[in-house]
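According to this note's numbering, the residues represented by the sequence shown are 2 to 351, in order.
One structure is given below, encoded as structure tokens.
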Amino acid sequence: MTRTAPRHAPDVDAVDVVAVGESMVTFLPTRPGRLADVSSFDRAIGGAESNVACMLAAAGHRVRWVSRVGADGFGDHLVEAVGAYGVDVTSVHRDPARPTGVYFRTAGERGTDAHEVAYYRAGSAASAMSVSTVGLQAARSCRVLHLSGITAALSDGCRELMRELTAPAADRPLVSFDVNHRPGLWRSSDGPGVLLELARRADVVFVGEDEAEAAWGVTGGPQAIRALLPEPGTLVVKQGERGATALSAPASPAFVPALHVDVVATTGAGDAFAAGFLHATLRDLPTKARLRHAHLWAAAALTTPGDLTTPPAPAHADRLAAVDDGTWGTLRLGPGWTQAEQAEEEVPAP
Numbered sequence: 002m003t004r005t006a007p008r009h010a011p012d013v014d015a016v017d018v019v020a021v022g023e024s025m026v027t028f029l030p031t032r033p034g035r036l037a038d039v040s041s042f043d044r045a046i047g048g049a050e051s052n053v054a055c056m057l058a059a060a061g062h063r064v065r066w067v068s069r070v071g072a073d074g075f076g077d078h079l080v081e082a083v084g085a086y087g088v089d090v091t092s093v094h095r096d097p098a099r100p101t102g103v104y105f106r107t108a109g110e111r112g113t114d115a116h117e118v119a120y121y122r123a124g125s126a127a128s129a130m131s132v133s134t135v136g137l138q139a140a141r142s143c144r145v146l147h148l149s150g151i152t153a154a155l156s157d158g159c160r161e162l163m164r165e166l167t168a169p170a171a172d173r174p175l176v177s178f179d180v181n182h183r184p185g186l187w188r189s190s191d192g193p194g195v196l197l198e199l200a201r202r203a204d205v206v207f208v209g210e211d212e213a214e215a216a217w218g219v220t221g222g223p224q225a226i227r228a229l230l231p232e233p234g235t236l237v238v239k240q241g242e243r244g245a246t247a248l249s250a251p252a253s254p255a256f257v258p259a260l261h262v263d264v265v266a267t268t269g270a271g272d273a274f275a276a277g278f279l280h281a282t283l284r285d286l287p288t289k290a291r292l293r294h295a296h297l298w299a300a301a302a303l304t305t306p307g308d309l310t311t312p313p314a315p316a317h318a319d320r321l322a323a324v325d326d327g328t329w330g331t332l333r334l335g336p337g338w339t340q341a342e343q344a345e346e347e348v349p350a351p
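This is the structure:
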């Protein structure tokens, strides 16, 4: 049976969404080239769960980020930057013994051989998250708890924390889980099995067709993935440039084609997609509308540089999400489309 986000949580400090996971300081090159050749970088922030938190907070939801950062300048920057989006950061612990994670990447796209990324996150403050070092009440006091498979890969303690937060309980919030299969993060071969275990315990699961094949060897599309994951109330299968399918029993599967987008950078698009879907879920919108909002929020990320962007204005997104199927198929979004004053230029005349 499909669960919906509860209207009330038992704690007085309950929020709409809690996101648990690591965020890092990101260094983006000021010009194209190999990391060996780039001499200066611009600083930003990045992290799957904090990206979701920031976008949802920017859209007006009450959001809390639960994590750990170092007691260093990079930790200061992360807490201040995430908090500037309106996210509650009071449950972010400062670790005096471990550093804040950072990473560098080139200007190329992640999907090309020319792209380079260098992570410095081993032994980070966030890798020390565990059942004993994270405030479980703060994590659970919400309508939706958003998690990612990235956290489970960071350490044994993080893995046990994920198991605790996804454990079946009558009063737990709606658990959203983005598989985020990152083979390079796992130090053992049990990553796919852990991700499958966590996905089966979640209420809403986001997974790409390519991820399902790489992690679990599943081919055959959304129905084949659903056969592997019958437990989640809602399974959202991302199908790349074709679109996405949501399977929520007992309703029939819903497919919404992807938008035509003039891509600036792909980084963070998956996080934006999840945030848009959860935004519409919190509003109890129909499944098709949830997928359309997910695509629109992903388009906001695809048309801006960096890991994190702000979502489209709610009225603008609602208007675009409500167009007929024919008009939806003709939309083309490019840099700057999220500006409300351009709304009239986005929708072709009938």
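Cβ atoms here follow ideal geometry from the backbone N, Cα and C, with glycine treated the same way.
Here the structure is a predicted model, which means the values were calculated and not measured.
Q) Any idea what DSSP makes of Gly194, helix, strand or coil? A) Helix.
inquiry  = I'd like the list of long-range same chain contacts for Gly307, defined as Cβ closer than 6 Å, with 5 residues on each side in sequence excluded.
reply    = Ala45
Are the CB atoms of Leu283 and Leu321 within a distance shorter than 8 Å? no
Taking the beta carbon of Ser189 as the centre, do at least 16 other beta carbons fall within 10 Å, making it buried, or is it exposed?
exposed
ask   = In chain order, what residues of the same chain have a beta carbon less than 8 Å from the beta carbon of Leu279, not counting five sequence neighbours either side?
value = Val18, Val53, Leu57, Val145, His147, Ser177, Val205
* Compare the Cα-Cα distances from Val132 to each of Ala154, Pro100, Ser142, Cys159 and report the closest residue. => Cys159
Among Leu29, Ala129, Thr235, His116, whose alpha-carbon lies nearest the alpha-carbon of Ser68? With distances taken between Cα atoms, Ser68 lies closest to Ala129.
| query | If we count the other Cβ atoms within 10 Å of its Cβ and call it buried at 16 or more, is Arg202 buried or exposed? | reply | buried
Review point. Alpha carbon to alpha carbon, what distance is there between Glu81 and Thr310?
Key: Distance between the alpha carbons of Thr310 and Glu81: 16 Å.
**Asked** Apart from the five residues on each side of it in sequence, which residues of its chain come closer than 6 Å, Cβ to Cβ, to Glu165?
**Response** Val132
Determine the contact status of Ala139 and Arg65, defining contact as a CB-CB distance below 8 Å. yes
Quick check on DSSP: helix, strand or coil for Asp14? coil
Quick check: the region 328–337 against the region 249–266, are at least 3 beta-carbon pairs closer than 8 Å? With the cut-off at 8 Å, the region 249–266 and the region 328–337 touch.
### Close Cβ partners of Arg111 (< 8 Å) along its chain, the five nearest in sequence each way excluded
Note on Arg111: pLDDT 44, under 50, position unreliable in the model; no value is reported.
Would you list the residues sitting across from Thr235 in a DSSP beta bridge?
In DSSP, Thr235 forms a bridge with Val205.
Give me the DSSP bridge partner(s) of Val132.
Note: Val132 sits in no beta bridge, so no partner.
Check your understanding: Are Pro258 and Gly244 closer than 8 Å when you measure CB to CB?
Key -> yes
query = Quick one: what does DSSP say Pro174 is sitting in, helix, strand or coil?
reply = coil
Just to confirm my understanding: we take Ala275, look at its own chain, exclude 5 residues before and 5 after, and list those with CB closer than 6 Å. What are they? Val53, Asp179, Phe207
Exercise. Could you tell me whether the Cβ atoms of Glu232 and Thr152 are closer together than 8 Å?
Key: no
Can you list, in chain order, the residues of its chain with a C-beta nearer than 6 Å to that of Ala20? Leave out the 5 residues immediately preceding and following it.
Glu50, Val53, Ala54, Trp66, His147
task: Report yes if the CB atom of Ala59 is closer than 8 Å to the CB atom of Tyr86, and no otherwise.
output: yes
Extent of the continuous alpha helix (DSSP H) to which Pro258 belongs: Segment 255–258 is the beta strand (DSSP E) holding Pro258; no alpha helix (DSSP H) there.
- Can you pull the DSSP bridge partners for Ile46? Val26
Q | C-beta contact flag for His182 and Ala228 at 8 Å | A | no
ask   = Would the beta-carbon of Gly222 fall within 8 Å of that of Glu210?
value = yes
Taking the alpha carbon of Ser41 as the reference point, which residue from Gly34, Leu230, Asp73, Pro30 has its own alpha carbon closest? Pro30
Practice task
Identify, in the order they occur along the chain, each residue of the same chain with its Cβ nearer than 6 Å to the Cβ of Arg293, setting aside the five sequence neighbours on each side.
Solution key: Hits under 6 Å: Val257, Ala322.
Same chain only: Cβ atoms within 8 Å of Thr134, ignoring 5 sequence neighbours per side: If we look at Thr134 and ignore the five residues flanking it on each side, its Cβ neighbours are Arg69, His94, Gly158.
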